[in-house]
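Those protein sequence lines, which keep their order, are chains A and B. When we follow this note's numbering, the leftmost residue of the first sequence carries the number 9, and every step to the right adds one. When we follow this note's numbering, the leftmost residue of the second sequence carries the number 9, and every step to the right adds one.
There are 2 protein chains.
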Amino acid sequence: MISNDLLKGTLRTIVLKLLKENSRLYGYEITQKVEELSGGEIKLTFGALYPVLHKLEAEGYVVTEKEHNGKRVRIYYSLTPEGVSWAQSLVDEFEDFVLTMRLILQPLPAQ
Amino acid sequence: MISNDLLKGTLRTIVLKLLKENSRLYGYEITQKVEELSGGEIKLTFGALYPVLHKLEAEGYVVTEKEHNGKRVRIYYSLTPEGVSWAQSLVDEFEDFVLTMRLILQPLPAQ
DNA sequence: GCATTATGTATAATAAACTTATATATTTGT
DNA sequence: ACAAATATATAAGTTTATTATACATAATGC
Chain A
9 MISNDLLKGT LRTIVLKLLK ENSRLYGYEI TQKVEELSGG EIKLTFGALY PVLHKLEAEG
69 YVVTEKEHNG KRVRIYYSLT PEGVSWAQSL VDEFEDFVLT MRLILQPLPA Q
Chain B
9 MISNDLLKGT LRTIVLKLLK ENSRLYGYEI TQKVEELSGG EIKLTFGALY PVLHKLEAEG
69 YVVTEKEHNG KRVRIYYSLT PEGVSWAQSL VDEFEDFVLT MRLILQPLPA Q
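The following block contains the structure:
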């Protein structure tokens, strides 16, 4: 399992990227996808996920649609155009972050 | 500049790794090294650094020695054996984290 | 039939971590 | 003299995630 400390700050990145790849997902599905894609290394908790989803909605990055199958209500989340471009920004930002971290964590032998 | 959100949780990793490479450093020197190594992309604030250093000391990962040159007091921090091995663990953990994040952020085209 | 597991959304209290603001003081360059 | 750089440190506030909890349905095993 990946340390929670490292995961902090990547929740939005993960959620937005998954929504970008999948057009629409519901909350529970997001937790499943994350666990599946990460090979069980990352497990989102609902207490962390839903506040983020609600905030993303309030900020205009995602929109929701309710769907009833049987008596069960499912809330699907999908990206707005702003959400799509922010998703890409956050993924790019993550890669920059990794490159920068490596400057510190892997100093060149010749240095 | 790297997003603060991403940086959260990596402070300990950065500090311990720098101390591992440098045998001993004082607080101000750590902020300088981080800025220098990261090409200005990462700037530690003292409000974040000192609490971490104090906590690492309290937990037995670093020890301090005061040095007086003139009237100025410098507090040097260096790793204990536990600190050395934890530094390596955190660096390894960071690389695992990156690999896992990429499983989510860069799904294979064939997938 | 009953219990358990899986599915599903959500909030509240708490804890951890960092940011921002602030305080204090010395040294160096101009 | 004055400003900028050097140096350590704390306090208040904010953000963010964890843990615990609540509620409810559907499917599966026994």
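All residues carry an ideal CB built from backbone N, CA and C; glycine is no exception. Only a predicted model underlies this, so the values are computations on that prediction, with no experimental measurement involved.
(message) Please tell me whether T18 of chain A and E49 of chain B are closer than 7 Å, where the distance is taken between their beta carbons.
(response) no
(request) Classify S46 of chain B as buried or exposed, calling it buried when 16 or more other Cβ atoms lie within 10 Å of its own Cβ. (result) buried
(request) Using 6 Å as the cut-off, classify the Cβ of L19 of chain B as near or not near the heavy atoms of the ligand COA, replying yes or no. (result) Looking for the ligand COA in the displayed structure turns up nothing, as the structure carries no ligands at all.
(request) Go ahead and pull the three-state DSSP assignment for L14 of chain A. (result) helix
(message) Just verifying my parser: in three-state terms, what is the DSSP assignment at R82 of chain B?
(response) strand
(message) I want to verify the contact list: residues of chain A whose CB lies under 8 Å from the CB of G47 of chain B, in sequence order.
(response) T108, L111
(message) Check for me: the beta strand (DSSP E) holding T88 of chain A runs from which residue to which?
(response) Neither: T88 of chain A is in no beta strand (DSSP E) and is coded neither H nor E.
(request) Quick one: give me the first and last residue of the alpha helix (DSSP H) that E29 of chain B is part of. (result) 19-30
(request) Check whether the region 88-99 of chain B touches the region 31-41 of chain B, taking contact to mean three or more Cβ pairs, one atom from each stretch, closer than 8 Å. (result) no
(message) I'd like to know whether the C-beta of Q119 of chain A is nearer than 7 Å to at least one C-beta of chain B.
(response) A caution first: Q119 of chain A carries a pLDDT of 43, below 50, which makes its placement in the model unreliable, though a value can still be read off. Not an interface residue.
(request) Count the other C-beta atoms from every protein chain shown that fall within 10 angstroms of the C-beta of Q119 of chain A, then say buried if there are 16 or more, exposed otherwise. (result) For Q119 of chain A, the pLDDT reaches just 43, beneath the cut-off of 50, and the residue's location in the model is therefore unreliable, leaving the point undetermined.
(request) Examine chain B for any beta-carbon lying closer than 7 Å to the beta-carbon of V23 of chain A, and answer yes or no. (result) no
(request) Indicate the three-state DSSP secondary structure (helix, strand or coil) for E67 of chain A in the structure shown. (result) coil
(request) Measure the alpha-carbon distance for R80 of chain A versus D13 of chain A and round it to whole angstroms. (result) 35 Å
(request) State the DSSP-derived secondary structure class of Q119 of chain A, mapped to helix, strand or coil. (result) Because Q119 of chain A carries a pLDDT of 43, less than 50, the predicted location of this residue cannot be relied on, and the following value inherits that uncertainty. Q119 of chain A falls in the coil class under three-state DSSP.
(message) In whole angstroms, give me the CA-to-CA distance for L27 of chain A and R110 of chain A.
(response) 28 Å
(request) Kindly say whether V92 of chain B, judged by its beta-carbon, lies nearer than 7 Å to any beta-carbon of chain A. (result) no
(message) Does A95 of chain A pass the burial test, meaning 16 or more other C-beta atoms within 10 Å, or should it be called exposed?
(response) buried
(request) Could you give the DSSP three-state label for T53 of chain B: helix, strand or coil? (result) coil
(message) Please return the same chain residues whose Cβ sits closer than 6 Å to the Cβ of K41 of chain A, not counting the five positions on each side in sequence.
(response) L26
(message) Using only CA atoms, which one of A:I83, A:I112, A:E43 lies nearest to S58 of chain A?
(response) The sequence given here places Tyr at residue 58 of chain A; Ser does not occur at that position. Of the candidates A:I83, A:I112, A:E43, the one whose C-alpha sits nearest the C-alpha of Y58 of chain A is A:I83.
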